[in-house]
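S.K.: Under this note's numbering, think of the first position of the sequence shown as 97, with each following residue one higher.
Just dropping this structure here.
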Amino acid sequence: MDEREVESIRFARVHRIGQTKAGKPRSRPVVAKLTDSKMKFAVMGKGRELKGTNFSISDQFPPEILRRRRLLYPIMTEARNAHCG
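Pasting the structure below:
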């Protein structure tokens, strides 16, 4: 992503999660909602370049979706092992 593309990213909303605690400097997650889904996918694709750093990019899902996905992980793993091995 070149500088021109980065400058063209438009955010609908950006905020931090959690509260700062006196005497405990720690980073807090940042939630950002982009206005354009194409740009979101471009940004998410560049997240691989953050591997090995203290930064990451991920989607934020509601608790119910996370619970359902967690239930599907063993099924996915079993299917992968059956087809790859």
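All C-beta atoms in this analysis are idealised placements derived from N, C-alpha and C, irrespective of residue type, glycine included.
Please read all numbers here as calculations on a predicted model, not as lab measurements.
In the structure shown, what three-state DSSP assignment does residue 147 receive?
M.R.: Of the three classes helix, strand and coil, the one that applies to residue 147 here is coil, per DSSP.
S.K.: Using a Cβ-Cβ cut-off of 6 Å (strictly less than) and excluding sequence neighbours within five positions of residue 112, which residues of its own chain qualify?
M.R.: Result list for residue 112: 124, 126, in chain order.
S.K.: Taking the straight line between their C-alpha atoms, what separation do you get for residue 138 and residue 150?
M.R.: One C-alpha to the other measures close to 20 Å.
S.K.: Say yes only if the C-beta of residue 128 is nearer than 7 Å to one or more non-hydrogen atoms of the ligand MG, and no if none qualify.
M.R.: With respect to small molecules bound, the structure shown includes none, and the ligand MG cannot be examined in it.
S.K.: Would you tell me roughly how many angstroms separate the C-alpha atoms of residue 154 and residue 109, rounded to the nearest one?
M.R.: Approximately 16 Å, taken between the alpha carbons.
S.K.: Which partner residues of residue 127 appear in the DSSP bridge assignment?
M.R.: For residue 127, which the question treats as bridged, DSSP gives the partners 111.
S.K.: Throw me the rounded Cβ distance for the residue 106 and residue 132 pair, which I believe falls under 8 Å.
M.R.: Correct: roughly 7 Å between the Cβ atoms.
S.K.: What number of angstroms, rounded off, separates the C-alpha of residue 129 from the C-alpha of residue 178?
M.R.: Cα to Cα, residue 129 sits roughly 38 Å from residue 178.
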